[in-house]
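The structure appears below as structure tokens.
Structure (structure tokens):
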């Protein structure tokens with residue numbers, strides 16, 4: 032007899048919540064780090080991956096529920112398929128640490144060479160806010176808000192298929208949250224208050240009925256903050 036969806040979904044979701052909580056504890060313990068610039072690549076990627084787990088795992092739980100519901104009649108081991116899905120999702124976010132590292136180091140070098148560019152952070156915030164209003168953002172957010180739509184379009188059978196589906200969802204999620212992650216790089220990766228605020232915004236965008244409007248209002252707020260920093 033196959034287990035019910037809740038028999039798997041509840042323990043897996045609880046485990047993801049615990050993992051996210053542990054990632055938050057780990058991140059908070061390092062919040063007093065002065066800068067990430069100059070950090071060796073491997074420690075940076077570890078730190079980035081843990082931070083992304085803290086920020087992104089809570090909002091992926093509804094997608095995991097939907098995945099388990101579809102996997103139950105199709106997969107011999109629903110649990111293994113679910114773990115593969117989550118692994119694929121996290122691998123994408125871990126790999127995004129590479130361009131993040133490049134942006135952090137590149138920006139630090141530019142500011143060291145041309146100190147006036149430090150005021151360019153406001154321009155970046157404006158660009159991030161405007162991205163929140165684009166059709167690309169809306170398209171990616173739709174796949175995150177309606178997981179059945181995403182899974183129905185991109186489903187693949189097997190453990191390897193589940194991994195690829197998770198990675199595919201990670202890419203859509205990255206497209207949805209790209210501007211917010213750039214904001215985090217601008218304000219400081221270890222800025223715990225901004226991390227909490229952006230994590231809450233990501234979750235609200237994906238879960239609440241008015242999530243799309245919340246994202247747009249956040250975009251307008253970022254534009255306002257960016258303009259204020261430019262003219263200050």
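Numbering (the working numbering), first residue to last: 32 to 263.
Beta carbons are placed, not taken as given, at the ideal position from N, Cα and C, and that holds for glycine.
- Secondary structure at residue 81: helix, using DSSP grouped into helix, strand and coil.
- DSSP places residue 131 in the uninterrupted alpha helix (DSSP H) bounded by 128 to 144.
- Taking C-alpha positions only, residue 154 is separated from residue 240 by approximately 31 Å.
- Apart from sequence neighbours up to five positions away, the residues of its chain that approach residue 206 with a beta-carbon distance below 8 Å are 167, 168, 170 and 171, ordered along the chain.
- In the three-state scheme derived from DSSP, where H, G and I count as helix and E and B as strand, residue 236 is classed as helix.
- In this chain, residue 63 is not harboured by any alpha helix (DSSP H), its DSSP state being neither H nor E.
- Between the C-alpha atoms of residue 190 and residue 109 there is a straight-line separation of about 9 Å.
- Between the C-alpha atoms of residue 136 and residue 217 there is a straight-line separation of about 12 Å.
- Assigned with DSSP and collapsed to three states, residue 257 falls in helix.
- When secondary structure is reduced to three states using DSSP, residue 155 falls in the helix class.
- The residue among 187, 51 and 100 with its C-alpha nearest the C-alpha of residue 90 is 51.
- Between residue 40 and residue 150, the alpha-carbon positions lie close to 47 Å from each other.
- Secondary structure of residue 58 (DSSP, three-state): helix.
- Note that the C-beta distance between residue 124 and residue 83 is below 9 Å.
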